[in-house]
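So the mapping is simple: our numbering equals the position in the sequence shown, first residue as 1, plus 12. Note that CB positions come from ideal geometry on N, CA and C, so glycine has one too. Predicted model, so just to flag it, every value in this text is computed and none were measured.
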Amino acid sequence: MEIELTVNGEQVQASVSVRTNLVDFLREELGLTGSHIGCEQGVCGACTIEVNGSMVRSCLMLAVQADGAVITTIEGYGHRPVGQKLQSAFVKHNALQCGFCTPGMLASGIEYIEQGGDADRDSIRRHLSGNYCRCTGYQSIVDAVVSVSEQESGK
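Printed below as a string of structure tokens:
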């Protein structure tokens with residue numbers, strides 16, 4: 013089936029099987045390997061991307077369902093001011109170890125901050141709760157989101 017979509021600001025036209033998951037299409041057809049494949053059941057959050065302004069698990073969405081959509085993957089967040097700040101904060105706060113959860117954590121963190129989320133640690137933890145991290149213990153990830161939330165709110 014033919015689909016047209018915008019991925020990280022670029023128009024894409026492609027022919028895809030109706031059974032191809034969006035994450036597989038992004039990784040295999042477009043070479044955007046930043047979105048990771050973890051559980052393939054929508055539980056771990058490693059494949060989280062933005063589709064038409066909402067965060068989705070790309071392992072649960074078919075590529076054909078994204079026809080006409082505007083998509084931002086981890087590769088595209090660096091073009092957004094909050095994305096740049098949060099990526100830098102992840103480095104500063106050592107918020108990654110193996111890095112497998114990082115794309116989903118960044119996506120969720122960016123969403124939280126861009127929606128005006130404050131620097132409340134409990135609120136941040138709740139917002140990030142759909143993403144699993146087995147390495148960091150979450151503290152450094154929350155620290156990074158807090159620091160950018162404070163910057164964005166002018167605190």
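Practice prompt. Identify whether M117 lies in helix, strand or coil by the three-state DSSP scheme.
Written response: M117 falls in the helix class under three-state DSSP.
Fill in: Meets three-Cβ-pair contact criterion under 8 angstroms: the region 19 to 36 and the region 65 to 74
The answer is yes - the region 65 to 74 touches the region 19 to 36, with three or more Cβ pairs under 8 angstroms.
Practice prompt. Return the CA-CA distance between C110 and L42, expressed in angstroms with no decimal places.
Written response: Between C110 and L42, the C-alpha separation is close to 24 angstroms.
Fill in: DSSP-derived helix/strand/coil call for L42
Correct three-state label for L42: coil.
Worksheet entry | Neighbourhood of A81 by C-beta distance below 6 angstroms, restricted to the same chain and skipping five residues each side | Shown here for A81: same chain residues with a beta carbon closer than 6 angstroms to its own, the five before and five after excluded, namely L17, V63 and N64 in chain order.
Worksheet item: How long is the line joining the alpha carbons of L98 and E52, rounded to whole angstroms?
Response: C-alpha separation (whole angstroms): 26 angstroms.
Item to complete: Use the C-beta contact count for N106: other C-beta atoms within 10 angstroms, 16 or more gives buried, fewer gives exposed.
Response: Label assigned to N106: exposed.
Item to complete: On a CA-only basis, which of L118, G128, A75 and S152 is nearest G90? Give me that one, please.
Response: Distances from the CA of G90 to each of L118, G128, A75 and S152 were compared; the closest alpha carbon is that of L118.
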